[in-house]
Amino acid sequence: MTLQDAGRPLEGCLIVFDLDGTLVDTAPDLHRVLNIVLEQEGFSPVSLDDVRSKVGQGARALIKRSAQAQGRLLTPDALTRLTATYIEVYSQDIAQLSRPFPGVIEALDELEKMGAAFCVCTKKKTQLSVQLLEALKLAHRFRAIVGADSVSNRKPHAEHYLHALATAGGVLNQSIMIGDSSADVGTARAAGAPVILVEFGYTDIAPEALKPDAILSHYSELSAIATKLLRRNRI
């Protein structure tokens with residue numbers, strides 16, 4: 001009897017997670033810090049919904065787009081300075097308001113019992129990603145945490161996914177990407193892996209429009225969806 005037959009159908013499989021908007025609802029902290037930085041520069045505060053739709057491209061783009069929305073263009077030097085301030089303030093209390101999405105812990109427990117292992121592939125800097133997951137007592141659940149600064153070509157390039165996979169000791173045809181954005185679909189497609197998008201992430205594009213292999217509305221669905229896609233990919 002194989003391990004797959006003995007109640008561990010995902011033995012040897014690696015599930016690759018995006019971080020912000022997929023594993024953890026970080027928008028409340030990103031929103032808090034952004035408004036601290038903007039208000040220091042005389043900007044009006046922005047709404048949480050605005051932040052949720054702009055998070056995906058990183059702190060620098062978030063600040064730039066928030067300023068543009070108020071009719072102001074920041075010089076490159078000003079943008080660099082504000083980004084550094086943002087990261088400094090954020091790192092001081094990185095998980096004041098951030099929490100795993102509902103069902104994440106239970107899904108990791110269930111998938112682990114089924115034999116799966118996990119890693120993180122995120123556009124967030126590696127140090128901040130580790131710091132966040134440690135603050136939430138989740139870092140030990142992941143074989144690798146690979147931020148954008150760990151690779152030459154970040155998501156949606158295949159290199160980011162493949163590097164995370166290799167660092168975690170995974171095999172491509174036994175891996176799957178879980179994300180919330182076009183970058184997550186792009187990196188999975190470029191690498192040749194199936195991809196699931198969450199419905200509750202940080203994107204202004206409907207998940208259906210990005211044509212993932214499946215859409216997740218709650219983490220309670222993940223084990224069944226992942227098992228189906230990984231079995232198909234192994235064939």
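Quick note: the sequence shown uses this note's numbering, first residue 1, plus one each step.
Beta carbons: idealized from backbone N, C-alpha and C, even for Gly.
When secondary structure is reduced to three states using DSSP, Ile225 falls in the helix class. Counting C-beta pairs closer than 8 angstroms gives fewer than three between the region 38–54 and the region 111–124, which falls short of the contact rule. Distances from the CA of Leu48 to each of Asp77, Ser98, Ala214 were compared; the closest alpha carbon is that of Ser98. For Ala214, the closest alpha carbon among the candidates Asp50, Val195, His140, Thr203 is that of Val195. Take Thr26, set aside five residues on each side of it, and the residues of its chain with a beta-carbon closer than 8 angstroms to its own are Leu19, Asp20, Val55, Ser98, Leu132, in chain order. Shown here, Ile205 sits in coil according to DSSP, grouped into three states, outside any helix or strand. For the pair Val151 and His163, the Cα-to-Cα distance works out to about 7 angstroms. Under the three-state reduction of DSSP, Gly179 is assigned to strand. Closest in alpha carbon position to Ala59, among Cys121, Arg32, Gly71, is Arg32. DSSP, reduced to helix, strand and coil, places Pro76 within a helical segment of the structure shown. Asp20 carries a strand assignment under DSSP once its states are collapsed to helix, strand and coil.
DSSP places Pro100 in the strand class (E or B) of the three-state scheme. The alpha-carbon of Pro100 is positioned some 35 angstroms away from that of Thr75. In this structure, the alpha-carbon of Leu30 lies about 35 angstroms from that of Gly12. A straight-line Cα-Cα distance of about 27 angstroms links Arg72 and Ala183. Using a 10 angstroms sphere on the CB of Thr83, the tally of other CB atoms reaches 16 or more, which defines it as buried.
For the set Leu34, Ser129, Leu14, Ala107, the Cα lying nearest the Cα of Leu172 is the one of Leu14. Just so you know, the alpha carbons of Leu79 and Tyr86 end up roughly 10 angstroms apart.
By the criterion of a C-beta distance shorter than 7 angstroms, Arg141 is surrounded in its chain by Leu108, Phe118, once the five residues flanking it on both sides are discounted. Taken through DSSP and simplified to helix, strand or coil, Leu14 comes out as strand. In the structure shown, Asp93 falls within a coil segment according to DSSP collapsed to helix, strand and coil. The residue among Lys64, Val130, Gln70, Leu165 with its C-alpha nearest the C-alpha of Ser91 is Val130. Exclusion of the five residues before and after Gln40 leaves no residue of its chain whose Cβ lies closer than 6 angstroms to its Cβ. DSSP places Ala190 within a helical segment (H, G or I) once states are collapsed to three.
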